[in-house]
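Visitor: One structure, pasted below without further comment.
There are 2 protein chains.
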Amino acid sequence: MSTLRTKYELYVTHMRKIQDVNSSIALMHWDNEVNAPIKGVKLRGQQIATLSAVAHDWSTSSELEQLLTSLYSQRHALSENEARNIELSLERFNTEKKLPTKFIKLFSAAQTNAFHSWLKARKAKDYSIFKNDLKIIVDLLKHKTDLIGYKNHPYDALLNEFEKGATVKQLDVLFGNIRNELVVLAKNIMDNGNPSDKEFLKRHFDKKKQWDFGIELLKQMGFDFEAGRQDISEHPFTTAFSSRDVRVTTRIEEGNLLELIGGCVHEGGHALYEMGLESEYYGLPLGMATSLGIHESQSRLWENHVGLSLSYWKANFESMKKLFPVALGDVTLIQFYKAINQLAPNCLRTVADEIHYHLHVLIRYEIEKGLIDGSIEVESLEEIWNQKYKDLLGIVVPHSTYGVLQDVHWAEGLFGYFPTYSLGSLYAAQFFAKASEDLPDLQEQISQGNMKGLLEWLRTNIHQYGKKYDSEELCKRITGEGLNFKYFIDYAKEKYSHIYNIPLDVLNKEIEI
Amino acid sequence: MSTLRTKYELYVTHMRKIQDVNSSIALMHWDNEVNAPIKGVKLRGQQIATLSAVAHDWSTSSELEQLLTSLYSQRHALSENEARNIELSLERFNTEKKLPTKFIKLFSAAQTNAFHSWLKARKAKDYSIFKNDLKIIVDLLKHKTDLIGYKNHPYDALLNEFEKGATVKQLDVLFGNIRNELVVLAKNIMDNGNPSDKEFLKRHFDKKKQWDFGIELLKQMGFDFEAGRQDISEHPFTTAFSSRDVRVTTRIEEGNLLELIGGCVHEGGHALYEMGLESEYYGLPLGMATSLGIHESQSRLWENHVGLSLSYWKANFESMKKLFPVALGDVTLIQFYKAINQLAPNCLRTVADEIHYHLHVLIRYEIEKGLIDGSIEVESLEEIWNQKYKDLLGIVVPHSTYGVLQDVHWAEGLFGYFPTYSLGSLYAAQFFAKASEDLPDLQEQISQGNMKGLLEWLRTNIHQYGKKYDSEELCKRITGEGLNFKYFIDYAKEKYSHIYNIPLDVLNKEIEI
Numbered sequence: 074m075s076t077l078r079t080k081y082e083l084y085v086t087h088m089r090k091i092q093d094v095n096s097s098i099a100l101m102h103w104d105n106e107v108n109a110p111i112k113g114v115k116l117r118g119q120q121i122a123t124l125s126a127v128a129h130d131w132s133t134s135s136e137l138e139q140l141l142t143s144l145y146s147q148r149h150a151l152s153e154n155e156a157r158n159i160e161l162s163l164e165r166f167n168t169e170k171k172l173p174t175k176f177i178k179l180f181s182a183a184q185t186n187a188f189h190s191w192l193k194a195r196k197a198k199d200y201s202i203f204k205n206d207l208k209i210i211v212d213l214l215k216h217k218t219d220l221i222g223y224k225n226h227p228y229d230a231l232l233n234e235f236e237k238g239a240t241v242k243q244l245d246v247l248f249g250n251i252r253n254e255l256v257v258l259a260k261n262i263m264d265n266g267n268p269s270d271k272e273f274l275k276r277h278f279d280k281k282k283q284w285d286f287g288i289e290l291l292k293q294m295g296f297d298f299e300a301g302r303q304d305i306s307e308h309p310f311t312t313a314f315s316s317r318d319v320r321v322t323t324r325i326e327e328g329n330l331l332e333l334i335g336g337c338v339h340e341g342g343h344a345l346y347e348m349g350l351e352s353e354y355y356g357l358p359l360g361m362a363t364s365l366g367i368h369e370s371q372s373r374l375w376e377n378h379v380g381l382s383l384s385y386w387k388a389n390f391e392s393m394k395k396l397f398p399v400a401l402g403d404v405t406l407i408q409f410y411k412a413i414n415q416l417a418p419n420c421l422r423t424v425a426d427e428i429h430y431h432l433h434v435l436i437r438y439e440i441e442k443g444l445i446d447g448s449i450e451v452e453s454l455e456e457i458w459n460q461k462y463k464d465l466l467g468i469v470v471p472h473s474t475y476g477v478l479q480d481v482h483w484a485e486g487l488f489g490y491f492p493t494y495s496l497g498s499l500y501a502a503q504f505f506a507k508a509s510e511d512l513p514d515l516q517e518q519i520s521q522g523n524m525k526g527l528l529e530w531l532r533t534n535i536h537q538y539g540k541k542y543d544s545e546e547l548c549k550r551i552t553g554e555g556l557n558f559k560y561f562i563d564y565a566k567e568k569y570s571h572i573y574n575i576p577l578d579v580l581n582k583e584i585e586i
Numbered sequence: 074m075s076t077l078r079t080k081y082e083l084y085v086t087h088m089r090k091i092q093d094v095n096s097s098i099a100l101m102h103w104d105n106e107v108n109a110p111i112k113g114v115k116l117r118g119q120q121i122a123t124l125s126a127v128a129h130d131w132s133t134s135s136e137l138e139q140l141l142t143s144l145y146s147q148r149h150a151l152s153e154n155e156a157r158n159i160e161l162s163l164e165r166f167n168t169e170k171k172l173p174t175k176f177i178k179l180f181s182a183a184q185t186n187a188f189h190s191w192l193k194a195r196k197a198k199d200y201s202i203f204k205n206d207l208k209i210i211v212d213l214l215k216h217k218t219d220l221i222g223y224k225n226h227p228y229d230a231l232l233n234e235f236e237k238g239a240t241v242k243q244l245d246v247l248f249g250n251i252r253n254e255l256v257v258l259a260k261n262i263m264d265n266g267n268p269s270d271k272e273f274l275k276r277h278f279d280k281k282k283q284w285d286f287g288i289e290l291l292k293q294m295g296f297d298f299e300a301g302r303q304d305i306s307e308h309p310f311t312t313a314f315s316s317r318d319v320r321v322t323t324r325i326e327e328g329n330l331l332e333l334i335g336g337c338v339h340e341g342g343h344a345l346y347e348m349g350l351e352s353e354y355y356g357l358p359l360g361m362a363t364s365l366g367i368h369e370s371q372s373r374l375w376e377n378h379v380g381l382s383l384s385y386w387k388a389n390f391e392s393m394k395k396l397f398p399v400a401l402g403d404v405t406l407i408q409f410y411k412a413i414n415q416l417a418p419n420c421l422r423t424v425a426d427e428i429h430y431h432l433h434v435l436i437r438y439e440i441e442k443g444l445i446d447g448s449i450e451v452e453s454l455e456e457i458w459n460q461k462y463k464d465l466l467g468i469v470v471p472h473s474t475y476g477v478l479q480d481v482h483w484a485e486g487l488f489g490y491f492p493t494y495s496l497g498s499l500y501a502a503q504f505f506a507k508a509s510e511d512l513p514d515l516q517e518q519i520s521q522g523n524m525k526g527l528l529e530w531l532r533t534n535i536h537q538y539g540k541k542y543d544s545e546e547l548c549k550r551i552t553g554e555g556l557n558f559k560y561f562i563d564y565a566k567e568k569y570s571h572i573y574n575i576p577l578d579v580l581n582k583e584i585e586i
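Top to bottom, those sequences are chains A and B.
Position 41, counted from 1, in the first sequence is what the working numbering calls 114; the numbers after and before it change by one each time, with no gaps.
Position 227, counted from 1, in the second sequence is what the working numbering calls 300; the numbers after and before it change by one each time, with no gaps.
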């Protein structure tokens, strides 16, 4: 028994050391996007590559392999949580081992280069500045799918990195539903409903005041500023160096109030998940988010089901109005609520409404799949992108910064990540329905600015478990069934029937056409 | 020959990897002082400890040892600079090898803990909060002197880490001179001269405007904001992740204009040295500052000989006055120049005048020496500190934040560092005298806000060499002689005779008493 204990402790120490290195890499990435001067970029890339190689070496060391195989064979003598840590670590080990250190270093350097040519390309509104570095990323990822291996489609190998068990086969069905149902729903709402004015959202909103308001929103959600901070970056993101140091970023536009609110509440949702992970499991699977889909369910739940709800603005509209008496002086709560929930096809994913959002994800999913299986070339990516936006959303992309260059993900080598945005949104609807059932006065609490009940529910049902349960199992444990598209559709229909004054049965009937 | 070439390249790659890790550690330290939320501190300490162990392992690996000994034996076939890199790397290797990885980890963790208890202790003005962590640092350092070894005094082992070749024996003489000459000089000036009003420096100076002004001063010096940045921290410092990413910090007080100016120009001087190192030598000795004394000579040269000169304010006083028309409206250039150069004993080192400054360093030198050789106990440090300030500067320390807790150095485990401040100041006087000889219109250039000539002189004579020459050799190459106390004394007498309207011969005579 004492040998088993010693081995488990050695395993924990080993995993924590890997996490230490990964946290320092995460800090360098954060610093690159928040602080780093432009001339330091090349050497920073080399620094990240060196540390990535260390993390990879340690993650694939024979010492770890021996510990894991030995502990796995004795897992029945471990506690349930310990055994689960071992099982998941071994699984991860077997994948990591397939990637040679040389590949990790090349990929890490490619990420840094691509990120910075993406920044330059955005500034110049010129996709061609980015494309060579993107080509390198795509070629490396194709190679990665061969290294990792896959059953049916090479893209499955990449999906699995972010959402265990996800496959092209399943996602083709899911995005088929999205294409069939949501294109029609969006069209029906816009054709039959009464749009509301939303022009006032583009009035002048002082940056400093927006920043301060964002901080207040984060505090209200339960974001702990002694265990995290907010900064400004080109593209909002959340990163965690431990559950005690979680960082969100946001961007602020003087003529667009929604950019800030959406950013803070969305990233705040991610951050609360990271802050809610058990710090005793630092570095171990049970101390990590179970999947990106579940991670996104947290940001989307806060962003859509809280931040875009009438209850939320009952709590916050008056204090916001005090900050912006000129810009919002003539605006009522209901006008504001309707304005922030107007549907309109738009070329930017991050400011998309809740329904069109999934069409943005669908386009990225199809493109990634195509780039990885070779049916789409990086060279012609911009044309394909623009064509899909025309076909599916009916809009013309004005230039590449509002088109193919809008997201940071590909510049960071993240392929297989986008689909988790739709998964997350669907999980969010399903979780929020269940939370509303468990907490009958949830809307009342939210309308009083009291988010404690909701946060507690999320901590209890989701955050505390880390990777203990996979996404699908977690969903079943909480809601009694696997992911079900119906919750999102029901939620969307009810919400927009109210906002657009369309009887629910009209929307229901129309859908069947 | 090709084997030699290959070996040298392997050596370069190895050294760069070590630098990559050290740069990521430096980023974590920087982030700790600039950004990090308080609850993340413990795990951050662990992260730094893990990476410090990696850097140490690589710095003491048998692979590196073989490369170095082999290359050293063939050094005559290398270029002069290559041979120097090998020689210095081997020297460093032999020291590093004496420190076991376990010690490095313990010390790294102790640094992090001490830094944060120092922060807490400062807030509470209570030395006792800090003292246990300081005791751990001191005990570890005592152990370190045994590990490294020394000839005469254990403190020599620590001094050598920052200033190669420095010894207690030499410094006792140097600080003996300081005690004998500067106590008398300061007293003579204050007794015989006419003090000027400096109360207006404590008027209200808007923080944001101070910040902007500081940025302009840095730009004027030649600080490249595409290769660096400035932030706010508790204690100003400079750190570099490469010569292309150099970071300075400053602190701003609304009622103290000098805090900012001193901070910016001083740290800016450090930063220009780092920016002036050859980036082709990244990770190699010739790409690193030769010693802390020379590093400090750069900050002091800019701070004292430029930033506190009349010429400098001829260039900058009017633009500063425009920023603070209320606070400085009734102040003339000469009044300002005299005000910022008033002598007065003060309990804070960082705001000390140029003469009393050395007495602050002397006190720290004596205390460090005593802590390391056991003649002073951490327990009674505060009393000893306060007594020395009473004896040497004639002042009563109001509380520990203005006393024994004022500097971050001990909290960061930096013992042997303080003496380099005095060395730097003396080197600065000697270098500036030589620069003034080489550039006859230097004062004229400075008074026009043109710092290019001076920066070029520093780049050519000092920055570009990195560790190619040790401090003393560098000083001889530039000025034709080793460090000579006379340059500082001559400079100080001339400057203060002017500011206090005391004939130079009066000061000269008095000194001999």
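Virtual Cβ for every residue (Gly too), placed ideally from N, Cα, C.
Please confirm whether T133/B has its beta-carbon closer than 7 Å to some beta-carbon of chain A.
Guide: In the second sequence, residue 133/B corresponds to position 60, counting from 1. Taking Cβ atoms only, chain A never reaches closer than 7 Å to T133/B, which makes this a no.
Visitor: What span of residues does the beta strand (DSSP E) with R320/B cover, start to end?
Guide: Position 247 of the second sequence holds residue 320/B. Its beta strand (DSSP E) spans residues 318 to 323.
Visitor: DSSP on G301/A, reduced to helix/strand/coil?
Guide: To locate residue 301/A, count along the first sequence from 1; it is residue 228. Residue state, collapsed to three classes: strand.
Visitor: Cβ closer than 7 Å: which chain A residues qualify as neighbours of V127/B?
Guide: Start at 1 with the first residue of the second sequence, and residue 127/B comes out as number 54. Those are V127, listed as they occur along chain A.
Visitor: For a cutoff of 7 Å on Cβ pairs, would you count Q537/B as touching chain A?
Guide: For the purposes of this step, residue 537/B is identified with residue 464 of the second sequence, where counting begins at 1. With 7 Å as the cut-off, Q537/B does not count as an interface residue toward chain A.
Visitor: If you measure between the beta carbons of E169/B and S134/B, is that distance less than 7 Å?
Guide: Position 96 of the second sequence, counted from the start, is the residue given in the question as residue 169/B. Position 61 of the second sequence, counted from the start, is the residue given in the question as residue 134/B. Not a contact, by the Cβ cut-off of 7 Å.
Visitor: What is the DSSP secondary structure of A109/A, reduced to helix, strand or coil?
Guide: Numbered from 1 along the first sequence, position 36 holds the residue referred to as residue 109/A. Coil, per DSSP.
Visitor: Consider the Cβ of L274/A: report whether some Cβ of chain B lies at a distance smaller than 7 Å.
Guide: Residue 274/A sits at position 201 when you count from the first residue of the first sequence. False, the Cβ-Cβ gap to chain B never drops below 7 Å.
Visitor: Leaving aside the five residues before and after M88/A along the sequence, list all residues of the same chain whose C-beta is less than 6 Å from its C-beta, in chain order.
Guide: Here residue 88/A is taken as the residue at index 15 of the first sequence, counted from 1. The residues are G356, L357.
Visitor: How would you label L274/A, buried or exposed, when you count the other beta carbons within 10 angstroms and need 16 or more for buried?
Guide: In the first sequence, residue 274/A corresponds to position 201, counting from 1. Label assigned to L274/A: buried.
Visitor: Going by beta carbon distance, what residues of the same chain come within less than 7 Å of H433/A, once the five residues before and after it are set aside?
Guide: In the first sequence, residue 433/A corresponds to position 360, counting from 1. R422, A425, listed in sequence order.
Visitor: Quick one: what does DSSP say F314/A is sitting in, helix, strand or coil?
Guide: Counting from one through the first sequence, the residue named residue 314/A turns up at place 241. Strand at F314/A.
Visitor: For the alpha helix (DSSP H) holding F491/B, just list the boundary residues, first then last.
Guide: Locating residue 491/B in the second sequence gives position 418, counting from the first residue. Note, F491/B: premise wrong, no alpha helix (DSSP H); not H, not E.
Visitor: Hey, would you say P110/A sits closer than 7 Å to R302/B, going by beta carbons?
Guide: Translated into the one-based positions of the first sequence, residue 110/A becomes position 37. Translated into the one-based positions of the second sequence, residue 302/B becomes position 229. In contact: P110/A and R302/B (Cβ atoms closer than 7 Å).
Visitor: Output the distance between the C-alpha atoms of I367/B and G497/B, rounded to the nearest integer angstrom.
Guide: By 1-based counting over the second sequence, the position of residue 367/B is 294. By 1-based counting over the second sequence, the position of residue 497/B is 424. Each residue's Cα considered, the two are about 6 Å apart.
Visitor: Return the bridge partner residues of E326/B from the DSSP annotation.
Guide: As a working note, residue 326/B is residue 253 in the second sequence. Answer is N329/B.
Visitor: Excluding the five sequence neighbours on either side, which residues of its own chain have a C-beta within less than 6 Å of the C-beta of E340/B, listed in chain order?
Guide: Taking the second sequence and counting its residues from 1, one reaches residue 340/B at position 267. Same-chain partners within the cutoff: P309, T311, V321.
Visitor: By a C-beta neighbour count over all protein chains shown, 10 Å radius and 16 as the cutoff for buried, is A128/A buried or exposed?
Guide: As a first step, residue 128/A is located in the first sequence; it is residue number 55 there, counting from the start. Answer is buried; the Cβ neighbour count reaches 16.
Visitor: Taking any Cβ of chain B, which residues in the segment 166 to 197 of chain A have a Cβ under 8 Å from it, in chain order?
Guide: So nothing in the stretch comes that close.
Visitor: According to DSSP, is R422/B part of a helix, a strand, or is it coil?
Guide: If you number the second sequence from 1, residue 422/B lands on position 349. DSSP places R422/B in coil when its eight states are reduced to three.
Visitor: Taking DSSP as the reference, what is the three-state secondary structure of T240/A?
Guide: Within the first sequence, numbered from 1, the residue matching residue 240/A stands at position 167. T240/A falls in the coil class under three-state DSSP.
Visitor: List, in chain order, every chain A residue whose beta-carbon is nearer than 9 Å to that of P110/B.
Guide: Residue mapping note: residue 110/B aligns to position 37 of the second sequence, counting from 1. The contacting residues are D297, F298, E299, A300, G301, R302, R317, D318, V319, R320.
Visitor: Between the alpha carbons of G222/B and L192/B, how many angstroms are there, rounded?
Guide: Numbered from 1 along the second sequence, position 149 holds the residue referred to as residue 222/B. Numbered from 1 along the second sequence, position 119 holds the residue referred to as residue 192/B. Distance between the alpha carbons of G222/B and L192/B: 32 Å.
Visitor: Going by DSSP in three states, D206/B sits in which element: helix, strand or coil?
Guide: In the second sequence, residue 206/B corresponds to position 133, counting from 1. Here D206/B sits in helix by DSSP.
Visitor: Helix, strand or coil for Y223/B? Go by DSSP, reduced to three states.
Guide: Here residue 223/B corresponds to residue number 150 of the second sequence, with the count starting at 1. Three-state DSSP puts Y223/B in coil, outside helix and strand.
Visitor: Is any beta-carbon of chain A found at less than 7 Å from that of D461/B?
Guide: Position 388 of the second sequence, counted from the start, is the residue given in the question as residue 461/B. As written in the sequence, residue 461/B is Lys, which differs from the Asp given in the question. Chain A, which has no Cβ nearer than 7 Å to the Cβ of K461/B, makes this no.
Visitor: Determine, for F123/B, whether the minimum Cβ-Cβ distance to residues of chain A falls below 7 Å.
Guide: Within the second sequence, residue 123/B is the residue found at index 50, counting from 1. Looking at the sequence provided, one finds Thr at residue 123/B rather than Phe. Yes, T123/B counts as interfacial toward chain A.
Visitor: Against chain A, does G113/B count as a neighbour if the rule is that its beta carbon must be under 7 Å from one of theirs?
Guide: Locating residue 113/B in the second sequence gives position 40, counting from the first residue. So yes, G113/B belongs to the interface.
Visitor: Label K204/A either buried or exposed according to how many other C-beta atoms from any shown protein chain fall within 10 Å of its C-beta, with 16 as the threshold for buried.
Guide: Position 131 of the first sequence holds residue 204/A. So K204/A counts as buried.
Visitor: Between Q120/A and D212/B, which are expected to be in contact by the criterion C-beta below 8 Å, what is the C-beta distance as a whole number of angstroms?
Guide: Against the first sequence, residue 120/A aligns to sequence position 47. Against the second sequence, residue 212/B aligns to sequence position 139. With a Cβ gap of about 33 Å, Q120/A and D212/B do not count as contacting.
Visitor: So does the segment 232 to 250 of chain A actually touch the segment 455 to 470 of chain A, counting three or more Cβ pairs closer than 8 Å?
Guide: No: the two stretches stay apart, fewer than three of their Cβ pairs being nearer than 8 Å.
Visitor: How is P576/B classed by DSSP in three states: helix, strand or coil?
Guide: Here residue 576/B corresponds to residue number 503 of the second sequence, with the count starting at 1. DSSP places P576/B in coil when its eight states are reduced to three.
Visitor: Here's the rule I'm using: 16 or more other beta-carbon atoms within 10 Å means buried, otherwise exposed. How should T323/B be labelled?
Guide: Here residue 323/B refers to the residue found at position 250 of the second sequence. T323/B comes out buried.
Visitor: Provide the residue span of the alpha helix (DSSP H) that contains N389/A, from first to last.
Guide: On the first sequence, position 316 is the one that residue 389/A refers to. Element bounds for N389/A: 383 to 396.
Visitor: Just the Cα atoms here: how many angstroms apart are S473/B and L207/B?
Guide: Position 400 of the second sequence, counting from 1, holds the residue named residue 473/B. Position 134 of the second sequence, counting from 1, holds the residue named residue 207/B. Cα to Cα, the separation comes out at about 14 Å.
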